[in-house]
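Engineer:
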Amino acid sequence: MSEPTLLRLRGHISPADREANPHLMLPFDVSEGVAALEVAYSYTARGSREPHAPPDNQIDIGILGPEGTPFPSERGFRGWSGTARDSFRVGARDATPGYIAGPITPGRWHILLGAYKLIPAGTDYEVTVRLIPGA
Numbered sequence: 005m006s007e008p009t010l011l012r013l014r015g016h017i018s019p020a021d022r023e024a025n026p027h028l029m030l031p032f033d034v035s036e037g038v039a040a041l042e043v044a045y046s047y048t049a050r051g052s053r054e055p056h057a058p059p060d061n062q063i064d065i066g067i068l069g070p071e072g073t074p075f076p077s078e079r080g081f082r083g084w085s086g087t088a089r090d091s092f093r094v095g096a097r098d099a100t101p102g103y104i105a106g107p108i109t110p111g112r113w114h115i116l117l118g119a120y121k122l123i124p125a126g127t128d129y130e131v132t133v134r135l136i137p138g139a
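Here you go:
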């Protein structure tokens, strides 16, 4: 692997999904030779602009390594930033504040989305994961 690999994870979270489980786990696979993960996410945030309308959507984000399922578990936990950030990096030697640096172990990782607040229509989300190869 010499060039970064880009993964896109897209979907919709409804109030019924949140009721069933407020934590959505999005799996993705990491192969040998990956030195860092760069993650960014977005979601449809705005509710109605009318007075007394429901609040905006608020979706938190975090990440679990391959040792970290089922959630919640301390094993494999590599970080959480809630809605404070829309992107983060986890690498062998460095990580965005709120995340834990360390080896990028091959296996099935999970992006963790927390459906903190949802308007009745729910929200569409997109998560991009860049798998950065080692030197």
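The numbering used here puts the first residue of the sequence shown at 5, with every later residue one more than the last.
Virtual Cβ for every residue (Gly too), placed ideally from N, Cα, C.
1. Nearest-angstrom Cα distance between Leu11 and Tyr45?
2. With DSSP run on the structure shown, which of helix, strand or coil describes Arg89?
3. For Val34, which residues in the same chain have their Cβ closer than 7 Å to its Cβ, ignoring the five residues on either side in sequence?
4. Whose C-alpha, out of Glu36, Ala40, Phe32 and Asp64, is nearest the C-alpha of Ile17?
5. Do the CB positions of Gly37 and Gly102 come within less than 8 Å of each other?
6. Check this for me: beta carbons of Leu28 and Leu122, under 8 Å apart or not?
7. Assuming Ser85 contacts Gly66 under a Cβ cut-off of 8 Å, what Cβ separation, rounded to an integer in Å, is found between them?
8. Could you tell me the distance, in whole angstroms, from the CA atom of Glu23 to the CA atom of Gln62?
9. Quick check on Ala49: buried or exposed, where buried means 16 or more other Cβ atoms within 10 Å of its Cβ?
Structural biologist: On the basis of the coordinates in this document:
1. As a working mapping, residue 11 is identified with position 7 in the sequence shown. As a working mapping, residue 45 is identified with position 41 in the sequence shown. Cα to Cα, the separation comes out at about 12 Å.
2. Position 85 of the sequence shown, counting from 1, holds the residue named residue 89. DSSP places Arg89 in coil when its eight states are reduced to three.
3. Taking the first residue of the sequence shown as 1, we reach residue 34 at position 30. For Val34, where only same-chain residues beyond five positions count, the Cβ hits under 7 Å are Ile108, Pro110, Gly111, Trp113 and Leu135.
4. For this step, residue 17 is matched to residue 13 along the sequence shown. Residue Asp64 is the option with its Cα nearest to Ile17.
5. For this step, residue 37 is matched to residue 33 along the sequence shown. For this step, residue 102 is matched to residue 98 along the sequence shown. It is not a contact, given that the beta carbons lie outside the stated cut-off.
6. By 1-based counting over the sequence shown, the position of residue 28 is 24. By 1-based counting over the sequence shown, the position of residue 122 is 118. In this structure, Leu122 does not lie closer than 8 Å to Leu28 by Cβ.
7. Taking the sequence shown and counting its residues from 1, one reaches residue 85 at position 81. Taking the sequence shown and counting its residues from 1, one reaches residue 66 at position 62. Yes, they are in contact, since the Cβ atoms of Ser85 and Gly66 sit about 7 Å apart, within 8 Å.
8. Locating residue 23 in the sequence shown gives position 19, counting from the first residue. Locating residue 62 in the sequence shown gives position 58, counting from the first residue. One C-alpha to the other measures close to 15 Å.
9. Taking the sequence shown and counting its residues from 1, the one referred to as residue 49 is at position 45. Exposed.
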